[in-house]
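J.: Take a look at the following structure, please.
Residue numbers (our numbering), protein chains in the order written: chain A, 75 to 308; chain B, 73 to 179.
Below you can see the structure in the form of structure tokens.
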């Protein structure tokens with residue numbers, strides 16, 4: 075039973091693996107080019123484990139930025155995980171508390187999206203999360219280390235369509251989250267806001283701002299609908 | 073390993089792990105008000121749409137809604153397959169297949 079639950083997490087991670095292989099290898103190549111060693115890439119992927127954060131840190135390192143600037147920028151880029159971590163809370167009520175610090179270590183855009191898709195179908199235990207996270211991170215570490223080891227001799231991942239694996243995954247997970255017309259409306263709103271903020275603000279602010287605004291508007295629409303149509307529920 | 077690089081990695085680890093861990097560990101101990109729970113339930117749709125939008129609607133210079141935007145073109149069959157099947161694998165494979173075909177014809 076436990077083994078089965080762990081394996082269901084491993085299986086849920088497979089689409090993430092498709093996406094991590096090209097992105098991880100691209101990161102490894104870039105990191106090697108600016109002079110990071112294979113072991114430094116390994117430890118960064120093991121200890122930090124954040125795709126966009128690692129890319130940003132490496133480009134800042136190559137620009138000669140200070141340690142404080144690199145660490146602070148990493149914090150800004152990864153602060154969107156606060157929202158994901160909070161959004162998981164209602165779904166971990168039956169999970170032993172000891173496992174929560176461990177599960178949260180593996181929260182990324184991708185593992186969060188897959189986990190939310192699964193927990194809305196049925197409750198999941200800690201072994202599901204651990205299977206999902208360990209599989210995803212193992213392939214992230216492996217891909218970045220391979221990228222750093224073999225450098226530029228890897229074939230172009232575009233020839234295999236791998237650069238579309240991650241967007242396609244987000245499309246599927248988004249569709250699976252949309253249950254009604256309000257969901258469609260909020261998704262379109264978030265898309266519009268994200269593009270708007272990306273056009274006018276640097277870095278990843280578009281994700282945090284568009285997410286917070288969209289969720290807030292979602293709550294407001296709910297209040298408004300309840301207020302003006304007292305017969306309807308939810 | 074270079075000690076400065078290692079110090080940077082440790083610093084990055086702390087500022088990445090703490091935002092991931094604190095909400096889950098702290099909030100799960102508390103009774104969250106219904107208003108906040110309601111708000112949190114919209115986070116998945118909002119965050120997924122926000123992550124996806126720049127990938128398919130923008131290039132390096134800004135908004136790109138044109139036939140030259142291969143990611144956007146490949147997103148169309150991916151959206152259709154996702155809506156019909158609600159299946160992650162079918163969507164990922166059809167999206168990857170679509171972008172290979174599209175880049176052959178347009179690239």
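Cβ coordinates follow ideal geometry from the N, Cα and C atoms, glycine included.
Note that the coordinates shown come from a computational prediction; the quantities given were computed from them, not determined experimentally.
Across which residues does DSSP place residue 275(A) in a beta bridge pair?
T.: In the first chain, residue 275(A) corresponds to position 201, counting from 1. None, per the DSSP bridge assignment.
J.: If we ignore side chains and look at the alpha-carbon of each, how far apart do residue 243(A) and residue 271(A) end up?
T.: Taking the first residue of the first chain as position 1, residue 243(A) is located at position 169. Taking the first residue of the first chain as position 1, residue 271(A) is located at position 197. Those two C-alpha atoms are separated by around 23 Å.
J.: Excluding five sequence neighbours on each side, which residues of the same chain lie with their C-beta closer than 7 Å to the C-beta of residue 263(A)?
T.: The sequence position of residue 263(A) within the first chain is 189, counting from 1. Same-chain partners within the cutoff: 288, 291.
J.: Would you say residue 88(B) reaches chain A, if we count a Cβ-Cβ gap shorter than 8 Å as a contact?
T.: Position 16 of the second chain, counted from the start, is the residue given in the question as residue 88(B). Answer yes: the Cβ-Cβ gap between residue 88(B) and chain A drops below 8 Å somewhere.
J.: Quickly, what does DSSP pair residue 240(A) with across the bridge? List them, please.
T.: For this step, residue 240(A) is matched to residue 166 along the first chain. Bridge partners of residue 240(A): none, in fact.
J.: Give, in chain order, every residue of the region 119-152 of chain B whose Cβ lies closer than 7 Å to some Cβ of chain D.
T.: Reference to chain D is not applicable here, since the protein chains of this structure are A and B.
J.: Going along chain A in order, which residues have a C-beta closer than 9 Å to the C-beta of residue 95(B)?
T.: Within the second chain, residue 95(B) is the residue found at index 23, counting from 1. Those are 155, 156, 157, 158, 159, 160, 161, 162, 163, 178, listed as they occur along chain A.
J.: Mapping DSSP to helix, strand and coil, what is residue 131(B)?
T.: To locate residue 131(B), count along the second chain from 1; it is residue 59. Strand at residue 131(B).
J.: What residues in its chain sit with their C-beta under 7 Å from that of residue 95(A), if we drop five residues either side in the sequence?
T.: Counting from 1 along the first chain, the entry for residue 95(A) is found at position 21. Cβ-Cβ distances below 7 Å link residue 95(A) to 213, 217, 236 in the same chain, with the five nearest sequence neighbours on each side left out; the list follows chain order.
J.: Since residue 100(B) meets chain A, which of its residues come closer than 8 Å, beta carbon to beta carbon?
T.: For the purposes of this step, residue 100(B) is taken as the residue at position 28 of the second chain. Result: 163, 166, 167, 171, 174.
J.: Run the CB neighbour count on residue 75(A), radius 10 Å, all protein chains shown included, and call it buried at 16 or more, exposed below.
T.: For the purposes of this step, residue 75(A) is taken as the residue at position 1 of the first chain. Classification for residue 75(A): exposed.
J.: Can you tell me whether residue 308(A) is helix, strand or coil according to DSSP?
T.: On the first chain, residue 308(A) is found 234 positions in, with the first residue counted as 1. A caution first: residue 308(A) carries a pLDDT of 43, below 50, which makes its placement in the model too unreliable to give a value.
J.: Report the CB separation of residue 146(B) from residue 238(A) in whole angstroms; it is logged as a contact under 8 Å.
T.: Numbered from its first residue, the second chain carries residue 146(B) at position 74. Numbered from its first residue, the first chain carries residue 238(A) at position 164. That pair is a contact at about 5 Å.
J.: In terms of residues, what are the limits of the alpha helix (DSSP H) holding residue 172(A)?
T.: The residue labelled residue 172(A) in the question sits at position 98 within the first chain. It is not in any alpha helix (DSSP H) - residue 172(A) carries neither H nor E in the DSSP assignment.
J.: Just to check my reading of the structure: residue 131(A) and residue 144(A) have Cβ atoms closer than 8 Å, yes? What is that Cβ distance to the nearest angstrom?
T.: On the first chain, position 57 is the one that residue 131(A) refers to. On the first chain, position 70 is the one that residue 144(A) refers to. Indeed they touch by this definition, with Cβ atoms about 5 Å apart.
J.: What do you get for residue 198(A), buried or exposed, if any count of 16 or more other CB atoms within 10 angstroms of its CB means buried?
T.: Position 124 of the first chain, counted from the first residue, corresponds to residue 198(A). In the assembly as shown, residue 198(A) is a buried residue. Its beta-carbon has 16 or more other beta-carbons within 10 Å.
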